[in-house]
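K.L.:
Each step along the sequence shown adds one to the number in our numbering, with nothing skipped, and position 6 is 10.
From the three backbone atoms N, C-alpha and C, an ideal C-beta is built for every residue, glycine too.
I am attaching a structure below and will ask some questions about it afterwards.
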Amino acid sequence: MTFHEIARSEDLEEGKGRPYTLEGQRLALIRHGGVVYALEDRCPHANAPIALGPVENGCIACPWHYAEFELATGRVLSGPACESITAYPVEEKDGFVSVSLTPLDHASA
Ligand code: FES
Numbered sequence: 005m006t007f008h009e010i011a012r013s014e015d016l017e018e019g020k021g022r023p024y025t026l027e028g029q030r031l032a033l034i035r036h037g038g039v040v041y042a043l044e045d046r047c048p049h050a051n052a053p054i055a056l057g058p059v060e061n062g063c064i065a066c067p068w069h070y071a072e073f074e075l076a077t078g079r080v081l082s083g084p085a086c087e088s089i090t091a092y093p094v095e096e097k098d099g100f101v102s103v104s105l106t107p108l109d110h111a112s113a
């Protein structure tokens, strides 16, 4: 699995998301409980940027109509979105955050 350095650790504030683009892919990087998560930055309901939503209890809510997604897996927990979003593996080391574009579902297969 190839990891791409995408952000500096200091740029990711606790409890907030930030949008990034990696190889044409929109990603939301979110720090919660000190851990950085990477999700597809596109809500399946109407394409809202997930990165801008509120973060709470291991979830991020879509900023437009508040569908909720689990940070660790991208699993949809409440509507109006009815599909999950892709979660990507993240590594944080020596002040930098790296992401692999191999989706987490497939990473362990
Ligand atoms: S765009 Fe995300 S819930 Fe509507």
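Does the Cβ-Cβ distance between A85 and A71 come in under 8 Å?
P.N.:
By 1-based counting over the sequence shown, the position of residue 85 is 81. By 1-based counting over the sequence shown, the position of residue 71 is 67. Cβ distance < 8 Å, so A85 and A71 count as in contact.
K.L.:
How many Å lie between K97 and R22 at the Cα?
P.N.:
As a working note, residue 97 is residue 93 in the sequence shown. As a working note, residue 22 is residue 18 in the sequence shown. Spanning the two alpha carbons is a distance of roughly 18 Å.
K.L.:
Would the beta-carbon of T106 fall within 8 Å of that of A91?
P.N.:
Position 102 of the sequence shown, counting from 1, holds the residue named residue 106. Position 87 of the sequence shown, counting from 1, holds the residue named residue 91. Going by C-beta atoms, T106 is not nearer than 8 Å to A91.
K.L.:
Hey, how far is the Cα of P93 from the Cα of L108?
P.N.:
Here residue 93 is taken as the residue at index 89 of the sequence shown, counted from 1. Here residue 108 is taken as the residue at index 104 of the sequence shown, counted from 1. Using only the alpha carbons, I get a separation of about 6 Å.
K.L.:
In the DSSP assignment, find the unbroken beta strand (DSSP E) run with N7 in it and report its ends.
P.N.:
Taking the sequence shown and counting its residues from 1, the one referred to as residue 7 is at position 3. First, the residue type needs correcting, since residue 7 is Phe and not Asn in the sequence shown. Per DSSP, F7 belongs to no beta strand (DSSP E) and is neither H nor E.
K.L.:
Would you check whether the ligand FES has a heavy atom nearer than 7 Å to the C-beta of C86?
P.N.:
Translated into positions along the sequence shown, residue 86 becomes position 82. Remark: the shortest separation between the CB of C86 and any heavy atom of the ligand FES does not fall under 7 Å.
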